[in-house]
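In this note's numbering, the protein residues as written are 287 to 1037.
In structure tokens, the structure reads:
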């Protein structure tokens, strides 16, 4: 055991594997060279030792040089003597050392990462291939010129830069290019045999998704067929496919492999194939072509094909890595670093059955507004980590927008469908109730609701399903147990959610296609003046009229109320401008929802529309509805003040109906007070309603506000409200709602 530990700690030191491995493998690497005689001189088609030594330096760094020196001396001292062996050692070490030093300087970080990193290809090709090979060949030719090397290899002393030199140069560059990644990975496997598992996994990852075994076999069959055609010696019956013409056909086949199988696979395959083909180059030499021209063309093809295949494989693999990374990031929320809704949809598709649970924390929105968004982020992160202890390996917590989380649980059968509270859901719910969140020393435990349902792949309406689960989770806040969406009692809730979604779609369709109708109801003043209130109706599927109490709550919930207000305002002003001669000086009262009142730019929009349609501001009265829902009283006051400053009047609608109505009256500065019709309707039979109306009138006089009584339907009610000093009356006794366009033909236009 100690020996193994010592080996693991010491194997990368210069006196261990870096000293031994070069001497063992250099003879084998030299045997991979392809060389022949050309005009009496030696010429190489493939030179591999330089690539082996460079890969060795990349793996071990400067610790590799003693081993390389030892390997070169062991090999060349018996053959050339000590002096020539030393010269050849320097011949190899100087280019290698210079190129490695420059590469290390220009790529100081991550210089030894894998070879499919396209951002390092240029630096490696320049320093470790081109500079290294060029210096190596220059030293070789200089040695020939100076007579240091054997003179038998120097045929033309006055013509060093010949075709033979070009072929040798290409052989060094090609060998360095294809041999560098090949020997690097081979040495890593030898040093650490477990790396082969990582190499295999990385190579499989680079393969294009969708590649089948049949495609790999087809590609391999084509490569083998072309290789056999090239390796078959040329004879009298040979065709053009037995010549170097077939070598050109290898390029599209290898590019196919580069695009589909990734960098690691294709580079190793091309290196092995090129070693075999280069060693049998005589077999596909055309008899009509000279040896010198044949070697130059074949060597050039080797180089061009290698560069093309390597760059294509590197670029495609890099793009595939980026695509896979972007695809993985698309399933992760960038802020919370948790799986998102898209990941939930994907995981549901991977399993036949799943249990989907939704957790809602309604108070989290309020806490986030008070303490900042970071509280909401950390709460969700800590809650998700807290719940993962109850989950199995393939079960996950997902981030949903707002104050919700989702869980996907494993479910292999429908055996538990009839159980009201499956043990797994109950255990998670109890763990939820145990969760404590501490924010800057402040313990927080907001109320949590939970719902769940069983789903089977495929789930085509996941968003609708989550909406129903959200509604059931809100019910869980009052029942204090997880709610099953598929229980009989949940059908009304599901129908309510479906109704909301359908109504939202109808609202959107009405906004896009103008399927709203404007009605007008006369408001009569006790002093003879009058104006009209604009009442909004929406056309249903059967051309029926839908009142605002049906669609406006849903419009406010889905954020469409402000758009509806803008549509109504634009339509009314357009009508007033079009019929300004028939209805001179007419006044209209338009309802505003809280979303419009709390919008800072609303007064500017009103001013712009008044200018466009040439309408005076005093002709508009804005009725503020649902005052209890005003999000910001400060912004509402700013909006009201700006509208009043322009000359518009402000009315508070349905006064007395809300819990905080009197407080709102204290905060807002309005001109008109409209008493809710429920008080007026029962004013004759209920003394309590009579006293309420009387007190409202007194309060309005203190605030110097005009008063409007709604729902005046009988003469008796009219007499009572008149006695109370109310300024305006509205109801069916005065006028029924009528289409806005009918006012043009009205014999009693508003004054």
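Here a beta-carbon is modelled for each residue, glycine too, at the ideal position from N, C-alpha and C.
The alpha helix (DSSP H) that contains residue i, what's its start and end?
i: residue 328; result: Premise fails: residue 328 lies in the beta strand (DSSP E), 327 to 332, not in any alpha helix (DSSP H).
i: residue 312; result: 303 to 316
i: residue 491; result: 481 to 492
i: residue 427; result: 418 to 432
i: residue 980; result: 973 to 988
i: residue 335; result: 335 to 346
i: residue 292; result: 288 to 296
i: residue 1004; result: 1001 to 1009
So for residue i, helix, strand or coil by DSSP?
i: residue 769; result: strand
i: residue 739; result: strand
i: residue 407; result: helix
i: residue 941; result: strand
i: residue 393; result: coil
i: residue 364; result: helix
i: residue 592; result: helix
i: residue 385; result: helix
i: residue 372; result: helix
i: residue 500; result: helix
i: residue 677; result: coil
i: residue 600; result: helix
i: residue 658; result: coil
i: residue 764; result: helix
i: residue 474; result: helix
i: residue 401; result: coil
i: residue 467; result: helix
i: residue 968; result: coil
i: residue 448; result: coil
i: residue 300; result: coil
i: residue 495; result: coil
i: residue 631; result: helix
i: residue 462; result: helix
i: residue 929; result: helix
i: residue 954; result: coil
Which residue marks the beginning of the beta strand (DSSP E) containing residue i, and which one marks its end?
i: residue 909; result: 906 to 910
i: residue 960; result: 958 to 961
i: residue 642; result: 639 to 646
i: residue 322; result: 320 to 324
i: residue 1016; result: 1014 to 1016
i: residue 682; result: 682 to 686
For the ligand PLP, is there a heavy atom less than 7 Å away from the beta-carbon of residue i?
i: residue 841; result: Among the components modelled here there is no ligand, and therefore nothing to report on the ligand PLP.
When DSSP builds the beta bridges, which residues end up paired with residue i?
i: residue 625; result: 618
i: residue 695; result: 641
i: residue 995; result: 961 and 1015
i: residue 453; result: Answer is none; residue 453 lacks a bridge partner.
i: residue 936; result: 908
i: residue 1024; result: 806
i: residue 249; result: Here the chain has residues from 287 to 1037 only, and residue 249 is not among them.
Handout entry: Runs of alpha helix (DSSP H) wholly within the stretch 855 to 916 (minimum 4 residues, chain order)
Key = 880 to 883 and 888 to 899
Exercise for the section: With a floor of 4 residues, list each alpha helix (DSSP H) that falls wholly inside the stretch 787 to 856, ordered by position along the chain. Expected result: 834 to 843
Practice task
Give, in chain order, every unbroken run of the alpha helix (DSSP H) that is at least 4 residues long and sits entirely within the stretch 706 to 761.
Solution key: 709 to 720
Handout entry: alpha helix (DSSP H) runs wholly inside the stretch 517 to 590, at least 4 long, in chain order
Key = Annotation note: the stretch 517 to 590 contains the following uninterrupted alpha helix (DSSP H) runs of length 4 or greater, listed N- to C-terminal: 531 to 547 and 549 to 565.
Exercise for the section: Please confirm if the stretch 618 to 632 is in contact with the stretch 724 to 743, defined as three or more CB-CB distances below 8 Å between the two stretches. Expected result: no
Handout entry: Three-pair Cβ contact test at 8 Å for the stretch 423 to 432 versus the stretch 296 to 312
Key = no
Exercise for the section: Pair every Cβ in the stretch 914 to 923 with every Cβ in the stretch 895 to 903, then say whether three or more of these pairs are closer than 8 Å. Expected result: no
Exercise for the section: Indicate whether the contact test is met: 3 or more Cβ pairs, each with one atom in the stretch 839 to 850 and one in the stretch 877 to 893, closer than 8 Å. Expected result: yes
Exercise for the section: Report yes or no: do three or more beta-carbon pairs, one from the stretch 335 to 345 and one from the stretch 464 to 483, lie closer than 8 Å? Expected result: yes
Handout entry: Given 8 Å, three or more beta-carbon pairs between the stretch 823 to 840 and the stretch 858 to 876
Key = no
Exercise for the section: Report yes or no: do the stretch 672 to 681 and the stretch 650 to 662 share at least 3 C-beta pairs separated by less than 8 Å? Expected result: no
Exercise for the section: Could you say if the stretch 741 to 750 and the stretch 712 to 725 meet the contact criterion of at least three C-beta pairs nearer than 8 Å? Expected result: no
Handout entry: Segment contact flag, the stretch 557 to 570 with the stretch 504 to 520, C-beta cutoff 8 Å, min 3 pairs
Key = The answer is yes - the stretch 504 to 520 touches the stretch 557 to 570, with three or more Cβ pairs under 8 Å.
Problem - Cβ contact check for the stretch 602 to 610 and the stretch 575 to 592: 3 or more pairs under 8 Å - result: Contact between the stretch 602 to 610 and the stretch 575 to 592 is absent, with fewer than three C-beta pairs closer than 8 Å.
Practice task
Spell out a yes or no on whether the stretch 373 to 391 and the stretch 411 to 423 are touching, meaning 3 or more CB-CB pairs, one atom from each, closer than 8 Å.
Solution key: yes
Exercise for the section: Taking 8 Å as the threshold, find out whether the stretch 361 to 373 comes into contact with the stretch 498 to 505 through three or more Cβ pairs. Expected result: no
Exercise for the section: Give a yes or no on contact between the stretch 958 to 978 and the stretch 993 to 1013, applying the rule of three or more CB pairs nearer than 8 Å. Expected result: yes
Handout entry: Meets three-Cβ-pair contact criterion under 8 Å: the stretch 476 to 496 and the stretch 543 to 552
Key = The answer is yes - the stretch 543 to 552 touches the stretch 476 to 496, with three or more Cβ pairs under 8 Å.
Practice task
Would you check if the stretch 346 to 360 and the stretch 371 to 380 touch, i.e. whether three or more CB-CB distances between them fall below 8 Å?
Solution key: yes
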